[in-house]
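Numbering (mature numbering (1 follows the signal peptide of the UniProt record, and there is no 0)), first residue to last: -18 to -1, 1 to 651. Here the structure comes first, spelled out in structure tokens, and everything after it is commentary.
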């Protein structure tokens, strides 16, 4: 005990906080890695990576004082027993069907002295393991008189991600020699990539016509995407519904609502003999046809009546390649032989038509007749007091922005600077279910959880299925982003935690993201942070697109091969609810629509509080949907419908927009 106290006093004496070490004299404190494209064509790409500086934090590894080196904008290599070193992952656009080679054009490294060993990693521990219970190990590299790692730059396998092809670059910018007590860190490097055709065909980038969901995602993620030839950006309004035949009547009102909201809906029915592989074959055929190529998939039904995931009824799932997790996302791996999802997917999980009906009624209530009031500006964060950094600290970053030490910093001041007024903090020690219940019944639009989980509860607070069943928050439904073990373990259970939230009548939640297996400590927090950033920046509007933004960022950071943490998250994280749902966060406005009949057309003008509303969806239709057309408003808040389309008897229109109360079934003329 005395020895530990002395070590703590030493740490206090040398400083407990991470000290910023500038490499570039002009660099600002906490400035992130800079990556820019210098040259780009169908034959080659050249990029420049600049590292302004790094943080050096003194930490304890057992009873040994060590250094923890981190770089803003980089993650870390977590290989058990090896030094914990910064790691950068980037996704690059490449031509279809090509081979990629790489060479370093120029490199500038800065050599530094180190006074302590670099802290070793404990590896990727899952959240059912307390990191304090795992001892540190120092691998043999600590005793070798050579710089480690020996390989700084590596490329993954080329992949196809819906409209584009890509490859993942991994950079390890810091190397150590613990015998000489030296460190080398990249200051600037230029890397060239050469593209060669696998056959005699000439390499080129074909013009693409991405949907808005994917255009935003490509633009925010892929190096070189801005240089690709593009045709018109199309709307993201094609939905595939996969349902057992016995649910078709139950889901019809929801399908009609989706059509009014502007979606082209294709329904595919299954029987109780269909296995997941057979269902995926049908999904693949629909995806391969341009007329039915969808952006979203919603599965109807639970998966529980078989020993094998692929046979579970009424709606089977897949076992993931990483760890055998229940993985709905495998259904939408539709281009190439890789782990990237080519559409958003979610599940309305229920055993009976009544289970399904309850959830769809909540979704329609949330979208068509949202509850008014300040509840949308309230949120809840629930977190443990474990981990490094502690889970409650990460929850605070979601609210307030930061941090310099997080792999995916929360942007623009966090949720509290972007529409939210307050959060109810339920943190260990002392977290309890009563506080969550009170905040939910009062009204909260989002819940972010970071902690331990069971198939039926949040361990931090003890909030469980029984507490969900007692909620009285009718109409005040949150969207839940949960970093926890097995909250979404839906296979073979009567009702897992995520399912309980959705199935609760007149209460609970309207959408939940949860894992079917044990999540790791750090990578899922990066995924959650990237999702929250997409909400803050309005770069993803639907529940499915917001989660997809987190998923792709996680694969960029943590890897995309079968055995990677990135693929683990892609497989274990499932969406419960409707992935086309537009969550309501922070604010809500009233819409005003004016229709002017001009020569040859009807012009819709959409406003809110005297401001023009762009990207509002206006759908005009007959009562039997024999005629239906949807358009999106331009920057002036306007959209036109040709006059000949209006000569069809009685017509109605519906207008929907993000964070707005929709106008539904209004008579046009």
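We treat Cβ as the ideally placed atom computed from N, Cα and C, and that holds for glycine. The model shown is predicted, which means the values in this text are computed figures rather than measured ones.
{"Asked": "Rounded straight-line distance, which links the Cα of residue 511 to that of residue 463", "Found": "10 Å"}
{"Asked": "Supposed close pair residue 398, residue 381 - CB separation, criterion 8 Å", "Found": "5 Å"}
{"Asked": "Local Cβ density within 10 Å of residue 570, reported as buried at 16 or more and exposed below that", "Found": "buried"}
{"Asked": "Touching by the beta-carbon criterion (3+ pairs, under 8 Å), the segment 180 to 190 and the segment 89 to 98", "Found": "no"}
{"Asked": "Proximity below 8 Å, CB of residue 83 to CB of residue 217", "Found": "no"}
{"Asked": "Reference residue -1, options 114, 49 and 650, closest by Cα", "Found": "49"}
{"Asked": "As assigned by DSSP and simplified to three states, the class of residue 91", "Found": "strand"}
{"Asked": "Residue 408 versus residue 119 - alpha carbon distance", "Found": "34 Å"}
{"Asked": "Which listed residue (86, 585, 430 and 291) has its alpha carbon closest to that of residue 460", "Found": "430"}
{"Asked": "Three-state secondary structure (DSSP) of residue 217", "Found": "coil"}
{"Asked": "Three-state secondary structure assigned by DSSP to residue 328", "Found": "strand"}
{"Asked": "Residue 414 in three-state terms, based on DSSP", "Found": "coil"}
{"Asked": "C-beta neighbour in chain D for residue 383, strict 8 Å", "Found": "Checking the listed chains, one finds no chain D in this structure; it contains a single protein chain."}
{"Asked": "Environment of residue 566 [buried if 16+ CB atoms lie within 10 Å]", "Found": "buried"}
{"Asked": "Distance, residue 331 Cα to residue 646 Cα", "Found": "27 Å"}
{"Asked": "Presumed contact (8 Å Cβ cut-off) between residue 141 and residue 318, rounded CB distance", "Found": "6 Å"}
{"Asked": "Delimiting residues of the beta strand (DSSP E) encompassing residue 140", "Found": "Counting along the chain, residue 140 falls outside any beta strand (DSSP E), and DSSP gives it neither H nor E."}
{"Asked": "Beta-carbon proximity list for residue 659, same chain, < 8 Å, skipping 5 on both sides", "Found": "Nothing in the structure corresponds to residue 659, since the chain is present only between -18 and 651."}
{"Asked": "Test item: CB-CB of residue 596 and residue 617 under 8 Å", "Found": "yes"}
{"Asked": "Check whether residue 103 and residue 129 have beta carbons under 8 Å apart", "Found": "no"}
{"Asked": "Given 8 Å, three or more beta-carbon pairs between the segment 409 to 426 and the segment 362 to 369", "Found": "yes"}
{"Asked": "DSSP state of residue 278 mapped onto helix, strand, coil", "Found": "strand"}
{"Asked": "Assigned secondary structure, residue 633 (DSSP; H/G/I helix, E/B strand, else coil)", "Found": "coil"}
{"Asked": "At least three beta-carbon pairs within less than 8 Å, the segment 525 to 539 to the segment 585 to 599", "Found": "no"}
{"Asked": "Own chain partners of residue 544 with C-beta closer than 8 Å, once the 5 adjacent residues on each side are dropped", "Found": "303, 304 and 321"}
{"Asked": "Completely contained alpha helix (DSSP H) runs for the segment 430 to 511, where each covers 4 or more residues", "Found": "447 to 451 and 479 to 485"}
{"Asked": "Run of the beta strand (DSSP E) containing residue 152, from where it starts to where it stops", "Found": "146 to 153"}
{"Asked": "Beta-carbon proximity check, residue 168 vs residue 151, cutoff 8 Å", "Found": "no"}
{"Asked": "Beta-carbon proximity of residue 401 to residue 568, cut-off 8 Å", "Found": "yes"}
{"Asked": "Local conformation of residue 557 per DSSP, three classes", "Found": "strand"}
{"Asked": "Minimum C-alpha distance to residue 551 - residue among 530, 22 and 371", "Found": "530"}
{"Asked": "Same chain, Cβ closer than 6 Å to residue 602, five either side skipped, listed in chain order", "Found": "611, 623, 633 and 635"}
{"Asked": "Rounded straight-line distance, which links the Cα of residue 323 to that of residue 134", "Found": "28 Å"}
{"Asked": "Helix, strand or coil at residue 258 according to DSSP, with G and I counted as helix", "Found": "helix"}
{"Asked": "Residue 419 in three-state terms, based on DSSP", "Found": "helix"}
{"Asked": "Every unbroken alpha helix (DSSP H) inside the segment 56 to 125 [4 residues or more]", "Found": "none"}
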